[in-house]
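214 is the number of the first residue of the sequence shown in this note's numbering; add one for each residue after it.
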Amino acid sequence: MPRRPRRIAGNQGEYTRRMRSPPLTARPATPADHPHFARLFPELGTGDPIPSPERWTETMAAGTFLFEDTSADVVAYAYIQVLSGTAYVRHLVVDPAHRGRGLGRVAMGHLATRLLAAGCSQWCLNVKPDNRPAVRLYESLGFSQVYLSAAFRFGWDLLLRLPRPSERCLVRPVSPADDSVIEAAFALPSGQLDDLRRKPDTALLSLHAITPPDAPPRAFAAYDPHFPGAFPFRVATPALALPLLEAIRPHEHPESPYMQLVSEQQDLTDMLLEAGATERLRIMHMRGALPPPDG
Numbered sequence: 214m215p216r217r218p219r220r221i222a223g224n225q226g227e228y229t230r231r232m233r234s235p236p237l238t239a240r241p242a243t244p245a246d247h248p249h250f251a252r253l254f255p256e257l258g259t260g261d262p263i264p265s266p267e268r269w270t271e272t273m274a275a276g277t278f279l280f281e282d283t284s285a286d287v288v289a290y291a292y293i294q295v296l297s298g299t300a301y302v303r304h305l306v307v308d309p310a311h312r313g314r315g316l317g318r319v320a321m322g323h324l325a326t327r328l329l330a331a332g333c334s335q336w337c338l339n340v341k342p343d344n345r346p347a348v349r350l351y352e353s354l355g356f357s358q359v360y361l362s363a364a365f366r367f368g369w370d371l372l373l374r375l376p377r378p379s380e381r382c383l384v385r386p387v388s389p390a391d392d393s394v395i396e397a398a399f400a401l402p403s404g405q406l407d408d409l410r411r412k413p414d415t416a417l418l419s420l421h422a423i424t425p426p427d428a429p430p431r432a433f434a435a436y437d438p439h440f441p442g443a444f445p446f447r448v449a450t451p452a453l454a455l456p457l458l459e460a461i462r463p464h465e466h467p468e469s470p471y472m473q474l475v476s477e478q479q480d481l482t483d484m485l486l487e488a489g490a491t492e493r494l495r496i497m498h499m500r501g502a503l504p505p506p507d508g
């Protein structure tokens with residue numbers, strides 16, 4: 214007598230969609246893949262302009278992977294940065310026409326395999342807090358929230374409304390010898406500054422107390438004139454945002470209509486809002502251990 218199919222407990226519809234998810238093939242992007250990237254990039258919902266083919270090839274293509282289904286259609290892409298033992302999943306976008314089929318989980322599985330092979334044990338990412346399907350996916354993969362941040366956009370006239378700190382600081386360009394000290398002072402992943410330094414035109418700047426000369430840095434920013442904006446942007450006290458922005462301004466692209474930065478500190482966020490900066494979106498930073506190969 215034939216055996217009845219085993220009943221699956223839980224959300225039967227979700228289980229069925231996952232079972233019917235087509236297998237994905239992951240491949241590194243090439244310069245010719247910019248149209249695929251440009252088609253899916255707006256789905257991030259950041260409002261940022263799409264990087265040009267030249268800029269994308271120069272700064273992002275090497276860390277971009279495309280995911281194709283059995284018909285060789287590109288249904289998703291990911292952009293990752295491999296740091297020292299930690300991987301940063303900067304983008305993960307699934308084509309809206311293919312969502313709800315578990316493809317994000319499959320894509321993350323492909324990434325995990327590659328990242329483990331690259332020697333990473335941890336990974337992190339940013340996600341909009343109100344993107345509940347994505348948050349649930351990442352939580353199921355072992356990610357947990359570390360902090361909330363906010364992305365701001367403003368004109369340079371905002372500097373007139375920011376408080377000036379009582380302490381005096383010196384501005385210094387950041388050299389490779391400074392990386393470990395700055396990463397330790399502001400809890401940045403090891404290797405992140407070296408990765409930022411490889412991007413053309415990016416300025417790495419830090420603020421230091423005048424005395425003592427060997428004191429830890431008081432502020433740090435990485436400014437990309439093509440963004441245009443600063444990320445990371447870290448300050449020991451909110452008032453140091455003003456001299457740090459003043460140090461950034463000479464590096465501004467002459468045609469930039471605005472300045473942007475990502476605040477990962479609540480006291481800095483509160484000060485920028487009070488000064489009149491426009492908050493564009495909230496971001497949740499999540500981190501977790503990479504799952505074992507059989508996870």
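Just so you know, even glycine gets a beta-carbon here, dropped at the ideal spot from N, CA and C.
Check: Beta-bridge partners of C333, as assigned by DSSP; Outcome: According to DSSP, C333 bridges with nothing at all.
Check: Beta bridge counterpart(s) of P386 as assigned by DSSP; Outcome: L418
Check: Cβ contact (3+ pairs, closer than 8 Å) linking the segment 462 to 480 and the segment 343 to 358; Outcome: no
Check: Buried/exposed call for Y360, threshold 16 Cβ in 10 Å; Outcome: exposed
Check: Inter-residue Cα distance where the pair is P440 and H498; Outcome: The residue you asked about is not Pro; residue 440 is Phe in the sequence shown. In a straight line, the C-alpha of F440 is about 20 Å away from that of H498.
Check: Runs of beta strand (DSSP E) wholly within the segment 337 to 410 (minimum 3 residues, chain order); Outcome: 357 to 367 and 382 to 386
Check: Spatially closest choice to T415 from T272, L401 and L455, by CA coordinates; Outcome: T272
Check: Sheet register partners of I496 (DSSP bridge); Outcome: S362
Check: Classification of Y301 by the beta-carbon crowding that lies within 10 angstroms, buried from 16 upward; Outcome: buried
Check: Straight-line gap, L253 to L279 (C-alpha atoms, nearest Å); Outcome: 11 Å
Check: Which listed residue (M321, L328 and A454) has its alpha carbon closest to that of S379; Outcome: A454
Check: Proximal residues to A449 (C-beta, below 6 Å), its chain only, five neighbours per side dropped; Outcome: R431
Check: L237 beta carbon less than 8 Å from that of L316; Outcome: yes
Check: 8 Å Cβ shell around C382 - same chain, five flanking residues per side excluded; Outcome: L420, H421, A422, I423, R431, A432, L453 and P456
Check: Per-residue DSSP class, three states only, for A285; Outcome: coil
Check: Touching by the beta-carbon criterion (3+ pairs, under 8 Å), the segment 274 to 289 and the segment 383 to 392; Outcome: no
Check: Separation of A325 from H466, as counted between CA atoms; Outcome: 37 Å
Check: Given 8 Å, three or more beta-carbon pairs between the segment 291 to 300 and the segment 342 to 352; Outcome: no
Check: Reference H464, options A435, A488 and E492, closest by Cα; Outcome: A435
Check: R462 vs R366 beta-carbon contact at 8 Å; Outcome: no
Check: Paired residues, beta bridge with R447 - DSSP; Outcome: F433
Check: C-alpha gap between M321 and A275, whole angstroms; Outcome: 18 Å
Check: Same chain, Cβ closer than 6 Å to R377, neighbours up to 5 away in sequence not counted; Outcome: L455
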